[in-house]
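Chemist:
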Amino acid sequence: MKVSILQFPGTNCEYDTQHAFEELGATTEIVWHKAESIPSDTNLLVVAGGFSYGDYLRSGAIAKFSPVMKAVGEYAKNGGKVLGICNGFQVLTEAGLLPGALKRNEHLHFISKHHHLKIVNNENIFLENLNNNDVVNIPIAHHDGNYYIDQSGLKSLYDNNQVLLKYTDEKGEVKNPNGSVDSIAGICNKEKNVFGLMPHPERAMELILGSDDGIKMLQGFLKA
Amino acid sequence: MTAIVNVSLKAGVLDSQGKAVHHALDSLHFNGVADVRVGKQIILKLNETDKTKAMADVKQMCEDLLANTVIEDYEIELV
Chain A
0 MKVSILQFPG TNCEYDTQHA FEELGATTEI VWHKAESIPS DTNLLVVAGG
50 FSYGDYLRSG AIAKFSPVMK AVGEYAKNGG KVLGICNGFQ VLTEAGLLPG
100 ALKRNEHLHF ISKHHHLKIV NNENIFLENL NNNDVVNIPI AHHDGNYYID
150 QSGLKSLYDN NQVLLKYTDE KGEVKNPNGS VDSIAGICNK EKNVFGLMPH
200 PERAMELILG SDDGIKMLQG FLKA
Chain B
0 MTAIVNVSLK AGVLDSQGKA VHHALDSLHF NGVADVRVGK QIILKLNETD
50 KTKAMADVKQ MCEDLLANTV IEDYEIELV
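For the protein sequence lines, the chains are A and B, in the order given. Using numbering that gives the first Met the number 0, the letters of the first sequence map in sequence onto residues 0 to 223. Using numbering that gives the first Met the number 0, the letters of the second sequence map in sequence onto residues 0 to 78.
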């Protein structure tokens with residue numbers, strides 16, 4: 000199983016992501032943003048977290064024009080699996096591969112802490128090792144994690160089972176850290192091959208780090 | 000020619016920065032402010048001399064990069 004991980008200038012979670020997937024038995028390759036193609040044996044493409052191009056102008060706005068993004072669009076269109084974590088989620092919304100946009104956190108703070116998430120829909124490869132309403136503990140670290148989509152877009156997300164994760168407390172009661180619409184922490188596209196979330200499952204792979212709940216999420220991608 | 004582009008969150012999209020500034024003004028006893036919206040201004044010095052062409056170019060820049068039209072509106076002024 001091969002996981003390719005995109006690296007823009009300013010990406011800073013590529014090695015954590017690499018470590019996480021290698022611990023799960025995958026082989027990995029870091030792909031520089033100037034590449035014009037995705038390695039042909041890629042089973043999962045990860046747009047890793049960080050601050051692509053310093054997040055100047057808007058998070059992810061400049062990264063969407065990197066040479067590699069054309070290949071990412073084609074890879075996704077052909078059914079390739081893509082996972083965007085944090086800045087990667089922002090890049091995927093800016094590139095139009097996922098609906099909606101990420102705004103500045105409601106209280107304008109950078110938030111870095113463990114947070115609980117509830118599984119809203121597990122009918123997808125990302126969350127199939129978890130059950131609906133399961134609560135997991137996954138860290139968040141973002142300034143622009145306030146997910147926004149208009150009302151008709153939101154309805155469409157629910158109609159197509161695209162809302163995957165919500166921010167909650169440890170009991171699964173809604174607890175919204177950043178003002179996201181409906182407390183949404185992660186979504187996927189209609190075809191269920193492009194996923195985006197603000198929390199960092201790759202930072203929750205070992206109990207010594209406070210949680211290993213990220214394992215079940217990332218394992219979903221590594222099934223044949 | 001210079002193009003001044005003002006980008007702001009769409010009406011109806013909560014402007015947290017505007018709210019924070021509004022609260023700060025309130026606490027300074029500037030009580031006559033009904034609402035605050037904070038945006039950003041991008042000033043472009045253009046080589047183009049034809050206004051129609053310049054406007055079309057800048058509009059395309061806004062759609063492609065300068066604004067995220069999911070959440071933001073933009074206004075262009077040529078001077």
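Glycine included, each C-beta is placed from N, C-alpha and C at the ideal position.
Going by alpha carbons, who is nearest to A/Leu101 out of A/Ala60, A/Asn132, A/Lys1?
Modeler: Ranking A/Ala60, A/Asn132, A/Lys1 by Cα distance to A/Leu101 puts A/Ala60 first.
Chemist: Since A/Lys174 contacts A/Tyr166 with CB under 8 Å, what's their CB separation in whole angstroms?
Modeler: Rounded, the Cβ-Cβ distance is 6 Å, consistent with contact.
Chemist: Which chain B residues sit within Cβ distance under 9 Å of A/His106?
Modeler: What A/His106 touches in chain B: Ser15, Ala19.
Chemist: What first and last residue would you give for the beta strand (DSSP E) that runs through B/Glu74?
Modeler: Note, B/Glu74: beta strand (DSSP E), 71-77.
Chemist: Could you run through the segment 43-76 of chain B and flag, in chain order, every residue whose CB is less than 7 Å away from some CB of chain A?
Modeler: Result list: Leu64, Asn67, Val69, Ile70.
Chemist: Since A/His113 is in the alpha helix (DSSP H), which residue starts that stretch and which ends it?
Modeler: Not the alpha helix (DSSP H): A/His113 falls in the beta strand (DSSP E), residues 110-118.
Chemist: For the segment 161-193 of chain A, which residues have a beta carbon sitting closer than 9 Å to at least one beta carbon of chain B?
Modeler: Under the 9 Å Cβ criterion, the segment 161-193 of chain A contributes Gly178.
Chemist: Looking only at DSSP bridge pairs, what is A/Cys187 linked to?
Modeler: According to DSSP, which records beta bridges pairwise, A/Cys187 is partnered with A/Phe194.
Chemist: Quick one, which of A/Asp54, A/Val134, A/Asn120, A/Ile4 has its alpha-carbon nearest A/Asp225's?
Modeler: No answer is possible for residue 225 of chain A: the residues shown for chain A start at 0 and end at 223.
Chemist: Quick one: grab the DSSP three-state call for A/Ser3.
Modeler: Looking at A/Ser3 - three-state DSSP - the assignment turns out to be strand.
Chemist: Using a C-beta cutoff of 8 Å, does A/Tyr147 count as contacting chain B?
Modeler: Yes - at least one Cβ of chain B is within 8 Å of the one on A/Tyr147.
Chemist: Have a look at the DSSP bridge pairing and note the partners of B/Ser7.
Modeler: Looking at the DSSP assignment, B/Ser7 forms a beta bridge with B/Asp72.
Chemist: Of all the residues that make up the segment 73-89 of chain A, which are near chain B by a beta-carbon distance shorter than 9 Å?
Modeler: Within the segment 73-89 of chain A, no residue qualifies.
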